[in-house]
Each structure stands twice: as C-alpha cells, then as structure tokens.
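Okay, so the sequence shown: first residue is 2 according to the working numbering, each after it adds one.
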Amino acid sequence: MSTVTPATQPITESPAEPRSRRGTPVWEIAHLYPLQGHWSEHAYFGLETERRIEYADGCLEFLPMPTRSHELIVQFLYDLLKAWVTSRQAGRVFFSGYRVQTIESAYRLPDLLYVSNDRRQEEQFAHGADLAIEVVSEGEENRRRDLREKRAEYAAAGIPEYWIVDPEQKTITVLTLDGDEYRVHGEFKPGATASSALLKGFAVDVAACFAAAEVQ
2 MSTVTPATQP ITESPAEPRS RRGTPVWEIA HLYPLQGHWS EHAYFGLETE
52 RRIEYADGCL EFLPMPTRSH ELIVQFLYDL LKAWVTSRQA GRVFFSGYRV
102 QTIESAYRLP DLLYVSNDRR QEEQFAHGAD LAIEVVSEGE ENRRRDLREK
152 RAEYAAAGIP EYWIVDPEQK TITVLTLDGD EYRVHGEFKP GATASSALLK
202 GFAVDVAACF AAAEVQ
C-alpha cells in the first residue's frame, strides 16, 4: 500500500486579489494594466489620460499637477523662448505636453523643450532636443527628479543645454554639456540675467521670472 509523505512546508494559499467596494479604488481596473516594471513603450503611448506621465525602465512616473505659480513661470519663459526662436525661424518650442526620448528606455516631459529644425520629431516624441527647461515643483521627490535624475538623463541623451528654474531657491541654473555630463555655465539669482551659452541672445531677467508667479 502506498503512503503519502507530508509536505515539509505548509501549503499556503496565494493572497486574494483585492476587490473594490464603495469608497475604495476600482482594483479590478488596475489589474487590466501591466505591473510597474513591466510596461512596454507601446502600452505607455497607448494611455489615454490627462495626467502627465513619464516612462522610465518599464515604470510609469506620475508628475504632480502644476500649480498656478508653476504655470505662470513656465508661461513667462515660454513667451521669451518662443519669441527668440520665431525671430530666427530656428525650430519649435514645446510646452509641457510633448515628450523627449532621453535614454533608450525613458521618455520625459520637460516643462519647456526647444527642438531645432534639423532634429527628428515623431508625432508623439522628439529624438533628443537642444534645450530642456524644468521648473522645479515642491517636494523632495520632485526636486530629486529635476536636480539629479533628469540632469543625468538629459546629459546621457546629449541635450546640449539644461535650465533648472528653482522657485524655492529663487535661482536659475544653466547647465551646458561637456562630454557626457553637464557643467555649470552659471547660477543666476534675482538682480542678475540668466543667459544661454547655446542660444546667443537668449536671456532671462531672474527677478522678473519669479515675479511672474505673483501676478494676480
């Protein structure tokens, strides 16, 4: 007669998937999407949402909804950069919603993006850029993303110039590409004028830039 040897490890059931109830997220919809780390570029570009979402290494990164002061600063910079580009017919300026491919597996949404005429542009993203500008949002995660992570990615992508506009510190830092990393061209505070090393004649009055956020 055969015998059954007990398992050396207890058999445990896998945890049940959460079910949605009134007042909770609709978990069943969440399970229709890939897990973080398993998103493909195709799935990312297929998202239909008003949220600002970036893609990096199979994961989605959800950007904060812009505040009024953030958008006023971006608008101020956009008007200046657009005027510079238009007067020279030198390319296109994109405002917040247009992606740029940085490294092979990452797509970012800079607050402002300047793409010269000779760079390739797809309908949904640009292959690199000439200038990226980020206005730093509040919060440690957002500061780390703009000051460290995007600095490294934009350099790896070969973007010649990166501006970090920091309302908290009241500074505009202009970074220029030197080999495969950025060096500081200048850190400008109120009373000074931030100038581009790449775009000759493009300059921003720092005090006026941050004052734009206070317009009623």
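Here a beta-carbon is modelled for each residue, glycine too, at the ideal position from N, C-alpha and C.
Please read all numbers here as calculations on a predicted model, not as lab measurements.
Under the three-state reduction of DSSP, Arg109 is assigned to strand. In the structure shown, Tyr45 falls within a helical segment according to DSSP collapsed to helix, strand and coil. If you look at His186, you'll find it in the beta strand (DSSP E) that goes Glu182 to Phe189. Classified as exposed, Leu33 has fewer than 16 neighbouring CB atoms from the shown chains inside 10 Å of its CB. For Phe203, no beta strand (DSSP E) encloses it, and the DSSP letter there is neither H nor E. Counted as a single uninterrupted DSSP element, the beta strand (DSSP E) harbouring Asp179 occupies residues Thr172 to Asp179. Judged by pairs of C-beta atoms under 8 Å, the segment 156-163 touches the segment 175-194, as three or more such pairs exist. Close CB contacts of Pro111 within its chain, under the 7 Å cut and outside five residues either way in sequence, are with Val101, Ala133, Ile134 and Glu135 (chain order). DSSP places Gln102 within a strand segment (E or B) once states are collapsed to three. Here the segment 161-174 makes contact with the segment 194-201; the two share three or more CB pairs at distances below 8 Å.
Around the beta carbon of Asp147, 16 or more other beta carbons lie within 10 angstroms, which makes this residue buried. For Gly140, the number of other beta carbons within 10 angstroms of its own is below 16, and it is reported as exposed. For Tyr79, there is no enclosing beta strand (DSSP E); the enclosing alpha helix (DSSP H) has its first and last residue at Arg69 to Arg89. Ile74 is positioned such that its CB atom lies no closer than 7 Å to that of Phe63.
Around the beta carbon of Arg152, 16 or more other beta carbons lie within 10 angstroms, which makes this residue buried. The segment 205-214 makes contact with the segment 71-89: 3 or more CB pairs, one atom from each, lie closer than 8 Å. Listed in chain order, the non-local C-beta contacts of Asn118 below 6 Å within the same chain comprise Gly92, local neighbours out to five positions each way being set aside.
When the beta-carbon positions are compared, Val205 and Asp167 stay at least 7 Å from each other. Shown here, Asp119 sits in coil according to DSSP, grouped into three states, outside any helix or strand.
Distance from the CA of Ser21 to the CA of Trp28, rounded to the nearest whole angstrom, comes to 5 Å.
When rounded, the separation of the alpha-carbon atoms in Ile165 and Thr25 is 38 Å.
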